[in-house]
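For the protein sequence lines, the chains are X and F, in the order given.
Under my numbering, residues 1 to 450 are what the first sequence spells out, in order.
Under my numbering, residues 451 to 900 are what the second sequence spells out, in order.
Virtual Cβ for every residue (Gly too), placed ideally from N, Cα, C.
Contents: one structure, followed by commentary.
2 protein chains.
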Amino acid sequence: MTRKIRLGAFLPGGGQHIASWRHPDQPVDGAVSFEFHKQLALTAERGLFDAYFLADGLAVGFGGAREGGNARVAGFEPVTLFAALAPFTTHLGFIATASTTYEEPYNTARKFASLDLISDGRAGWNVVTTTGDATAQNFNRDTQLPHADRYRRAAEHVEVVRKLWDSFEDDAFIRDKETGVFFDPAKLHDADHKGEHFRVKGPLNVSRSRQGHPVIVQAGQSDDGRGLAAATAEVIFTAHQHIETAREFYRDIKNRARGLGRNPDHILIMPGVSPFVGRTEEEAREKYDRLTSLILEEDGVGLLNGLTGGTLDLRGYDLDGPLPPAPPTEGMKSRQALIRQIADENNFSIRQLYQWVASARGHFTIVGTPGQIADTLQEWFENEAADGFNILPPWLPTGLNDFVDLVIPELQRRGLFRTAYEGRTLRENLGLPFPVNRHAGKHAVIQAAE
Amino acid sequence: MTRKIRLGAFLPGGGQHIASWRHPDQPVDGAVSFEFHKQLALTAERGLFDAYFLADGLAVGFGGAREGGNARVAGFEPVTLFAALAPFTTHLGFIATASTTYEEPYNTARKFASLDLISDGRAGWNVVTTTGDATAQNFNRDTQLPHADRYRRAAEHVEVVRKLWDSFEDDAFIRDKETGVFFDPAKLHDADHKGEHFRVKGPLNVSRSRQGHPVIVQAGQSDDGRGLAAATAEVIFTAHQHIETAREFYRDIKNRARGLGRNPDHILIMPGVSPFVGRTEEEAREKYDRLTSLILEEDGVGLLNGLTGGTLDLRGYDLDGPLPPAPPTEGMKSRQALIRQIADENNFSIRQLYQWVASARGHFTIVGTPGQIADTLQEWFENEAADGFNILPPWLPTGLNDFVDLVIPELQRRGLFRTAYEGRTLRENLGLPFPVNRHAGKHAVIQAAE
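The structure is reproduced here in structure tokens:
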């Protein structure tokens, strides 16, 4: 089978670009409109996307803009939203973000397993550690945990969740009305986890789905983040401005995975891409300029501060001057470095910098024709920089419609993208293996040894 | 407006009666079938029920039967399930159970607020403290917290959630594309909660719904439970075998609420009722006997142990002899007392006891014609024993269909039940007031004082 590009779609109802809600095309109440999210899911499925992807935060202020200018200040919790969207679709996957720092593994395992059952095997969990003191203060703390502690807890959290997802073997359920045997207790297993952060006996009271368990997704860029991703992730969401750094990241993750005994083909690397699509270059540039013109100065400045973990208070600086230095952060370390890299490489003023990152917050922005965008995606895909992409349409629904109607057909013509879903589950469509239950087959072995 | 009976429907896909899954009518995989739950929701809405209600547990073993005989051993998490069902209905409410002991208030507030937005104002939260050491062991503990501690934590948890639900005032969102003002920061409020169990700064990143916030439901029967219910609940689910105890409970709760300055009409008392409906008495009795005959002895014995907080290990006892004494429990204190009361009053053997409680686990079981069932409900409703009822159909979908097709029309003929939904939200249909945001109107007052 020829290798195909995998595609995720980031579709927050409040829009991706910081000023998207001000665009005439975008419904101003999109963030809290279930009907709007349903329309986006149906369009993503029409475009044969692998999955609908949503970020998440556990505090107001997520997104970075000036307080009163942030359209993503309030919205749905992603797992409940995806549960509601799943029955209206049949093949689209749903990857929701949830925190390892502020949830208990039993609850995490349970809500994702439930989403996986409701969608009949189309769920994914984007594992995040959740940064920021504002969030910590919603969970009985004054400040966030140090970076390394968050990642140690995250690794253990994922380990517990995976143990819990294997509580029932796939053939545990007998459901024999005649004999009254509903399930085989020998095929129900405790997790019996005792670790540094968690003690969880199990078992989980949700059974496995058609795809075994949800796909595990991560977005860590730091050394801790890469280590966790290489050890546990099946899909990696990553941010790069250049094919060179993307290739370095791709090689590093695949090598780390190989070193841990994993098949590197079972970790899909999907950089984020924010496309402004025009039938001509001029039309694409007009779309970019139009959206850029809607950014208010104070929102742009706030965005840069938000993206650097609250370390860049730019009030009082000349917006047409250079970016000042900033202290280190315990928050989004890698994102902070990326933002500075973009400024340095392009010799951007503060204003130019926020205009550039406003669409995708550090992800790769492409302004061009369907052919030009396909050229770039093809180049990255064929040169070990990407297994696929997470598309972040700058505004909605137009940015998504443009990609589905103009870019997807071009990718299909080139044989780079599917023309129909290959399977029913998210794993099948992503080409990821079914995760065999860790307890499966052990009974036979024990009997044979007796 | 004439006072009407309110009706909730308990519809676990795995069935209510312990042997319901063995009944020929019931789909054997109902507990994990989204389509089956959807059919139940549509039937409940056709019957004009106020709400679909689901219990919940955070450990395998919930339900009480022998391990291999329990059809409710695994299923959906209720908030995700209800999110998925809500878009297929337009008026039915959805009351999901969630634990105050094993969740953080920020997460509780968020998932219910999200369900409330998805359903456009039809969510309810059944507040439980969650009993049992097996559950505690899934959350880093060896044993459950003492009863009184659980209830203190519960009261504070509800308080924090309610503060968080008032984060955004109802008119906080301006969404002016022209000026770029999305919301008014003066109408966004911190919770600033610092208590014995929780420190939560807020605000919540989900806005209020059409009904303000979800309806708060409780089921406490003990003194601690009644205190919490009188202080915070808007609907109370309760278990009684006789109109006398139901009347005592009703008066006590309404008096406690009055004593706390609440309007007693804003707390609806809804005892559980498990109806076996027949066109004739004989047919109803046949339905009861049929289901009873499907109970396996070890499941019946396990059920009694489960219902008494694991204090009644009856293995080795003569099932046709009397119930032995049991030690006190930190778990379901009131349920333990109720089970013993049923045994004593009826002079039941162990076998007769489990047969009787198998359908509704201590709730009131009525076997009779639509007229007889309506007589009982009417008597309770008109004599200050109930404002409505939570119907627990013994098996599904037949038990629900019977109630909707035979009993509801009889209640309607008597003018006791609605013939069309009164409103769009769960609160409107229950006749509960819109909860005014605690911060509303304060700005004007401050300005006037300046």
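Next item on the list: Assuming residue 299(X) contacts residue 18(X) (C-beta within less than 8 Å), just tell me the rounded distance between them.
Entry: Residue numbering aside, residue 299(X) sits at position 299 when the first sequence is read from its first letter. Residue numbering aside, residue 18(X) sits at position 18 when the first sequence is read from its first letter. About 6 Å separates the Cβ atoms of residue 299(X) and residue 18(X), confirming a contact at the 8 Å cut-off.
Checklist line | Euclidean distance between Cα positions of residue 174(X) and residue 225(X) | finding: Position 174 of the first sequence, counting from 1, holds the residue named residue 174(X). Position 225 of the first sequence, counting from 1, holds the residue named residue 225(X). Cα to Cα, residue 174(X) sits roughly 41 Å from residue 225(X).
Next item on the list: Could you list which residues in chain F have their beta carbon closer than 8 Å to that of residue 87(X), in chain order?
Entry: The residue you call residue 87(X) lines up with position 87 of the first sequence. Within chain F, the residues whose beta carbon sits less than 8 Å from that of residue 87(X) are 484, 488, 534, 537 and 538, listed in sequence order.
Notebook entry, point to check: Which same chain residues, not among the five before or five after residue 478(F), have their C-beta less than 7 Å away from its C-beta?
Noted result: Stepping through the second sequence from its first residue, residue 478(F) is reached at position 28. Apart from sequence neighbours up to five positions away, the residues of its chain that approach residue 478(F) with a beta-carbon distance below 7 Å are 471, ordered along the chain.
Margin query: In this structure, how does DSSP classify residue 557(F) when only helix, strand and coil are distinguished?
Written below: On the second sequence, position 107 is the one that residue 557(F) refers to. In the structure shown, residue 557(F) sits in a helix (DSSP, three-state: H, G or I).
Checklist line | Outcome for residue 713(F) when other beta-carbon atoms lying within 10 angstroms are tallied against a minimum of 16 | finding: Counting from one through the second sequence, the residue named residue 713(F) turns up at place 263. Residue 713(F) counts as exposed, since fewer than 16 other C-beta atoms from the protein chains shown sit within 10 angstroms of its C-beta.
Check: Going along the chain, which unbroken runs of the beta strand (DSSP E) with 3 or more residues stay wholly within the stretch 317 to 400 of chain X?
Finding: If only complete runs of 3 or more residues are kept, the stretch 317 to 400 of chain X shows the beta strand (DSSP E) at 364 to 368 and 388 to 391, in order along the chain.
Check: Does residue 154(X) have its Cβ less than 8 Å from a Cβ in chain F?
Finding: For the purposes of this step, residue 154(X) is identified with residue 154 of the first sequence, where counting begins at 1. So, not an interface residue.
Notebook entry, point to check: Would residue 478(F) count as contacting chain X if we go by Cβ distances under 8 Å?
Noted result: In the second sequence, residue 478(F) corresponds to position 28, counting from 1. At least one CB atom of chain X sits nearer than 8 Å to the CB of residue 478(F).
Check: Taking Cβ-Cβ distances below 8 Å as the criterion, which residues of the stretch 783 to 816 of chain F are in contact with chain X?
Finding: Cβ contacts with chain X: none found.
Next item on the list: Anything in chain F within Cβ reach of residue 437(X), meaning under 8 Å, just list it in chain order.
Entry: One-based indexing of the first sequence puts residue 437(X) at position 437. Listed along the chain, the chain F residues whose CB falls inside 8 Å of the CB of residue 437(X) amount to none; the nearest CB is some 14 Å away.
Checklist line | C-beta neighbour in chain X for residue 890(F), strict 8 Å | finding: As a working mapping, residue 890(F) is identified with position 440 in the second sequence. Chain X contact via Cβ: absent.
Margin query: Once DSSP output is grouped into helix, strand and coil, what is the label at residue 275(X)?
Written below: As a first step, residue 275(X) is located in the first sequence; it is residue number 275 there, counting from the start. Three-state result, residue 275(X): strand.
Checklist line | 7 Å CB neighbourhood of residue 690(F) in its chain, flanking five on each side removed | finding: In the second sequence, counting from the first residue as 1, residue 690(F) sits at position 240. Cβ contact annotation for residue 690(F) (same chain, cutoff 7 Å, sequence separation greater than five): 696, 699, 721 and 814, in chain order.
Item checked: Ranges of the alpha helix (DSSP H) found wholly within the stretch 563 to 608 of chain F, counting only runs of at least 4 -> Runs of the alpha helix (DSSP H) inside the stretch 563 to 608 of chain F: 583 to 586.
Check: Are the CB atoms of residue 7(X) and residue 49(X) nearer to each other than 8 Å?
Finding: Position 7 of the first sequence, counting from 1, holds the residue named residue 7(X). Position 49 of the first sequence, counting from 1, holds the residue named residue 49(X). Yes.
Notebook entry, point to check: In three-state DSSP terms, what is residue 857(F)?
Noted result: Stepping through the second sequence from its first residue, residue 857(F) is reached at position 407. Note: residue 857(F) maps to helix in three-state DSSP.
Item checked: Element boundaries [alpha helix (DSSP H), containing residue 668(F)] -> Looking up residue 668(F) in the second sequence gives position 218. Counting along the chain, residue 668(F) falls outside any alpha helix (DSSP H), though it belongs to the beta strand (DSSP E) covering 665 to 668.
Next item on the list: Pull out every residue of the stretch 645 to 660 of chain F whose Cβ sits closer than 7 Å to any Cβ of chain X, in chain order.
Entry: Residues passing the 7 Å Cβ filter: 648, 649, 650, 651, 652, 653, 655, 656 and 657.
Next item on the list: Report the rounded CA-to-CA distance for residue 237(X) versus residue 97(X), giving the unit in angstroms.
Entry: Stepping through the first sequence from its first residue, residue 237(X) is reached at position 237. Stepping through the first sequence from its first residue, residue 97(X) is reached at position 97. Roughly 12 Å separates the two Cα atoms.
Next item on the list: May I have the straight-line CA-CA distance separating residue 821(F) from residue 703(F), to the nearest angstrom?
Entry: For the purposes of this step, residue 821(F) is taken as the residue at position 371 of the second sequence. For the purposes of this step, residue 703(F) is taken as the residue at position 253 of the second sequence. Roughly 30 Å separates the two Cα atoms.
Next item on the list: Rounded to whole angstroms, what's the CA-CA distance from residue 89(X) to residue 402(X)? Just pull it up for me.
Entry: By one-based count along the first sequence, residue 89(X) stands at place 89. By one-based count along the first sequence, residue 402(X) stands at place 402. Straight across, the Cα-Cα distance linking residue 89(X) with residue 402(X) is about 21 Å.
Item checked: DSSP-derived helix/strand/coil call for residue 682(F) -> Working through the second sequence from its first residue, we reach residue 682(F) at position 232. Correct three-state label for residue 682(F): helix.
Margin query: Across the stretch 135 to 147 of chain X and the stretch 648 to 665 of chain F, are there enough close Cβ pairs to call them in contact, namely three or more that are closer than 8 Å?
Written below: Three or more beta-carbon pairs separated by less than 8 Å link the stretch 135 to 147 of chain X to the stretch 648 to 665 of chain F, which places the two stretches in contact.
Checklist line | Where residue 566(F) falls, given that 16 or more other Cβ within 10 Å makes a residue buried | finding: By 1-based counting over the second sequence, the position of residue 566(F) is 116. That one is buried.
Check: Where in the stretch 628 to 657 of chain F do unbroken runs of the beta strand (DSSP E), each at least 3 residues long, occur, reported from the N-terminal end onward?
Finding: Fully contained in the stretch 628 to 657 of chain F are the following beta strand (DSSP E) runs of length 3 or more, in chain order: 631 to 633.
Margin query: Counting C-beta neighbours from all protein chains within 10 Å, is the total for residue 62(X) 16 or more, i.e. buried, or is it exposed?
Written below: For this step, residue 62(X) is matched to residue 62 along the first sequence. At residue 62(X) the pLDDT is 49, less than 50, meaning the model places this residue with poor confidence; the figure from the coordinates comes in the next sentence. Buried.
Check: Taking all protein chains shown into account, do 16 or more other C-beta atoms lie within 10 angstroms of the C-beta of residue 453(F), making it buried, or fewer, making it exposed?
Finding: In the second sequence, residue 453(F) corresponds to position 3, counting from 1. Answer is exposed; the Cβ neighbour count stays below 16.
Note to self: On a Cα-Cα basis, can you pick out the residue from 192(X), 223(X) and 337(X) that is closest to residue 326(X)?
What the structure shows: Taking the first residue of the first sequence as position 1, residue 326(X) is located at position 326. Looking at the Cα atoms, 337(X) is the closest of the given residues.
Checklist line | Buried/exposed call for residue 886(F), threshold 16 Cβ in 10 Å | finding: In the second sequence, counting from the first residue as 1, residue 886(F) sits at position 436. Classification for residue 886(F): exposed.
Checklist line | Residue from 244(X), 368(X) and 217(X) with nearest C-alpha to residue 269(X) | finding: Reading the first sequence from its first residue, position 269 is the one you call residue 269(X). It is 217(X) whose Cα lies nearest to the Cα of residue 269(X).
Notebook entry, point to check: Does any C-beta atom of chain F lie closer than 8 Å to the C-beta of residue 21(X)?
Noted result: Counted from its first residue, the first sequence places residue 21(X) at position 21. Yes, contact with chain F.
Margin query: Would the stretch 759 to 775 of chain F count as touching the stretch 484 to 493 of chain F if we require 3 or more Cβ pairs under 8 Å?
Written below: Too few Cβ pairs lie closer than 8 Å, so no.
Notebook entry, point to check: So, does the CB of residue 304(X) fall closer than 8 Å to a CB anywhere in chain F?
Noted result: Here residue 304(X) corresponds to residue number 304 of the first sequence, with the count starting at 1. Residue-level contact by beta carbon fails for residue 304(X) and chain F, as no gap is shorter than 8 Å.
Next item on the list: To the nearest angstrom, report how far apart residue 555(F) and residue 92(X) are at their CA atoms.
Entry: The residue given as residue 555(F) occupies position 105 in the second sequence. The residue given as residue 92(X) occupies position 92 in the first sequence. Their backbone Cα atoms lie some 32 Å apart in a straight line.
Notebook entry, point to check: Which residues in chain X sit within 7 Å of residue 618(F), going by Cβ to Cβ distance?
Noted result: On the second sequence, residue 618(F) is found 168 positions in, with the first residue counted as 1. For residue 618(F), the chain X residues whose Cβ falls inside 7 Å of its Cβ are 74, in order along the chain.
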